[in-house]
Structure formats: structure tokens, C-alpha cells
Amino acid sequence: MANSLKIQNLFSIEGRVAVITGGGAGGLGAQMAEGLVANGAKVYLVGRKESTLQEQVAKLDKISPGKAKYFAMNITIQEEIDKFVKFVEQSEDAIDLLVNNAGLAIWGPPASYLDPLDKLQAGLKASPVDDWKALIATNSWAPYMFTVSFLHLLARAAQKGDGRGSVVFITTIGTQSWNPHTNFAGYISTRTGAEHIARILAAKLLPHKIRVNILAPGIFPSNATSPNDPQGIANPSVASTLAPFKRAGTQEDLVG
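Heads up: the sequence shown runs through residues 22 to 277, numbered per our numbering.
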């Protein structure tokens, strides 16, 4: 009984299998993958750029050899998702964790509520339908389809109990806040849509013991938010004015 209450046993992920979309080097998915592998898990990384995936797998191999594989694909194409599922099934009969991390950010020119109406209107109109289609496909449809395509493998893991068969939707703190000066309604609304999809799936999958949760990170350094960008939100001087802790998040915050 005492051993079962030890932290290393309560939260051990030794031997578990995870799939992470958007797992190429430099992103939040890569940081999470490093935390998983460092603690004994096996990970499958998905992304568009084979070079960044190869780079990240090489980095993971230095942490624990042979614990990472990658699959380069377009996550907005159903046929490629199906091919990836078959790729995973060649080695695994269950998936303990699916992290829907991949995302696309597109925003228009600044459009502040303080702008004259004509400038505000012009800025808000700079939002082509093709941009919205790409945002919906990547930020809302893809995490939905990845989840439902892996249901059979997640359900097998969930039957084992102990927190297995879990899905995490990575979104953004922007879904819970409002910036009156920025112009990315498409990005925020499609990430918000993903959160609602997660809630729908959480309810539908409850009988199968598959858990679905949402993680909405705040400011974290990544390829998209470099701390070296003088105007970037992850720059220490900027983050100190935006985050309650007066700093950007760290990999330890994310992995923990």
C-alpha cells in the first residue's frame, strides 16, 4: 500500500506510448516529447517538415535511444491520417496518450479598437476565406479527426486503467482573454472551436473510459515566439508585463 502512494508510482509513465502532433524541433510538442521520453515513455511525433522531425528524434535518442519515431504528413488530409494510424499499428496495439498539439497561426494587420473606423474596417477585412479554411482544417478539424481515428487504440489503453487512454488538446490562453489591439479572430475562434470539440468528445467517450482534457498554454518560448524577438511576447521584457509571474513559461512548467 505504501509503495502505491509514492509519487514515482502515482505518476509514472514508464513504458507508455504517446502520439504528439506538431512534434518537430523547436515547438511545444518537442518540449513535451522530451519530458515524456526522459520519464520512460515512447513517443510518435507528427509534423509537416521531415527535417525538423528528424532533428527532434535525434535529440530524443540522446535522452533515451529508440524511444522516438516520426511520421511526416499533412494533418489536414484524411488519407494521411489513416496511413499514420496504420504506421502506429505496426508496432503498437494501444495508445496511452494523444496530444493534439499542432496548430496554425494566421493574423492580419493590426486592428485596434482605438483606430478610426475606416482603418479598423480595412484591417478586419484583411481576412481571406482561404486563411479561415486553413485555420479551421488545422486547428479544429485535425485534432477532432486524429482523436476519432485513434479511438480503438485509445480505448484498448483505457481498459488497463491507471490514467491510460488520455487525449489532451493544446490550445491557447488567447481563448480565455481579449487583446483589443490584435487581429487574429480566425486563429482564436478555431482554437476555441477545438476546446468545444474536446468537451463534446469528453462526454461522448466517457463510457469507453477515454479522458479528454484541454491545456491552454500562456506565453512559452518556441519557434513561433522567440525570446530573442524584441517585440515578441516571449521576450523577457515583454513577458514581464503580460504574465502574472512576470516571466514566460519554461519547459519544466510545461512538462510538469
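Ideal Cβ positions, reconstructed from N, Cα and C, are used throughout, including at glycine.
Counting of Cβ neighbours within 10 angstroms places glutamine 197 among the exposed residues, the total staying below 16.
For threonine 159, the three-state secondary structure derived from DSSP is helix. Collapsing the DSSP output to three states places isoleucine 84 in a helix. Here phenylalanine 167 is buried, its C-beta having at least 16 other C-beta atoms within 10 Å. Membership of threonine 213 in any beta strand (DSSP E) is not indicated; the residue belongs instead to the alpha helix (DSSP H) covering 206-226. For the 8 Å CB-CB criterion, valine 188 and leucine 119 form a contact.
The Cβ neighbour count for aspartate 117, taken over all protein chains shown within 10 Å, is at least 16; the residue is labelled buried. In the DSSP assignment, the residues bridged to isoleucine 235 are Phe190. Under the 8 Å Cβ criterion, the region 176-188 counts as touching the region 118-136, having at least three qualifying pairs. Excluding five sequence positions before and after asparagine 30, the CB atoms of its chain that fall closer than 7 Å to its own CB belong to Asn24, given in chain order.
Taking C-beta atoms as the reference points, phenylalanine 190 and valine 106 fail to come closer than 8 Å.
No residue range can be given for glycine 45, since it is assigned to no beta strand (DSSP E) and is classified by DSSP as neither H nor E. With 16 or more other Cβ atoms from the protein chains shown falling within 10 Å of its own Cβ, arginine 37 counts as buried.
Sorting Arg232, Ile102, Leu66 by C-alpha distance to the C-alpha of glycine 182 places Arg232 at the top.
Nearest in C-alpha terms to glutamate 101, of all of Ser85, Leu138, Thr42, Asp151, is Thr42. Apart from the 5 residues on each side of it in sequence, isoleucine 209 sits with its Cβ closer than 8 Å to the Cβ of Thr193, Gly195, Thr196 in its chain, given in chain order. Distance check between alanine 46 and each of Ala93, Ile28, Leu141, Leu26 places Ala93 closest, using alpha-carbon atoms only. Here the alpha carbon of threonine 97 sits roughly 42 Å from the alpha carbon of lysine 27. Straight across, the Cα-Cα distance linking alanine 237 with tryptophan 199 is about 14 Å.
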